[in-house]
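Here the sequence shown stands for residues 68 to 169, numbered as in our numbering. A short worksheet on the structure shown next.
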Amino acid sequence: MTGLREIRKERPIQPKKHSHPKIISCQVSREKITVELEDKREISLPFDLIVKEWFCLKEVKPEQLKNYKIWGGGYTVLFPDVDESIPVRIFSVYLSCHKINY
């Protein structure tokens, strides 16, 4: 019988590969939530959209999101005061799903 140690020697666990850049920082205002990514892009989403579409709590105020942590190896913004998080893919998917008018 092959033991777990032997299996790991044969095929070491590979770290998960991400297709999105890491989050460097986050800013919250009454109008929007903005993340800066490691590839130097800044992506903003309307505050109301995030609360309505993503958060379980519907009565979140911008002040409650001032305390945040970059979490999950840089791929998620965690808001511990409201026990909510936003993965970087939400920002990327929003951009790819909505036409941006300049």
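Just so you know, even glycine gets a beta-carbon here, dropped at the ideal spot from N, CA and C. All of these numbers come straight from a predicted model, not from anything done at the bench.
Output needed for I137: all residues of its chain with C-beta closer than 6 angstroms, excluding positions within five of it in sequence on either side, in chain order. The beta carbon of I137 lies closer than 6 angstroms to those of I90 in the same chain, with the five residues before and after it left out.
Assign L132 to buried or exposed, taking buried as 16 or more other Cβ atoms, counted over all protein chains shown, within 10 Å of its Cβ. Buried is the call here.
Which of the three DSSP states, helix, strand or coil, is assigned to S152? The DSSP-derived three-state label of S152 is strand.
Can you tell me whether DSSP reads S159 as helix, strand or coil? Assigned with DSSP and collapsed to three states, S159 falls in helix.
Using CA coordinates, which residue listed in K99, R97, P147, R108 is at the minimum distance from S159? Selected option, being the one with the closest Cα: R108.
Going by DSSP, what residue range makes up the alpha helix (DSSP H) through V118? 114–120 is the span of the alpha helix (DSSP H), which, as asked, contains V118.
Straight-line Cα distance separating G140 from L116: Spanning the two alpha carbons is a distance of roughly 25 angstroms.
Please report the residue range of the beta strand (DSSP E) in which Q94 lies. First-last of the beta strand (DSSP E) with Q94: 90–95.
Taking the beta strand (DSSP E) that K107 belongs to, which residues open and close that run? No beta strand (DSSP E) contains K107, which DSSP labels as neither H nor E.
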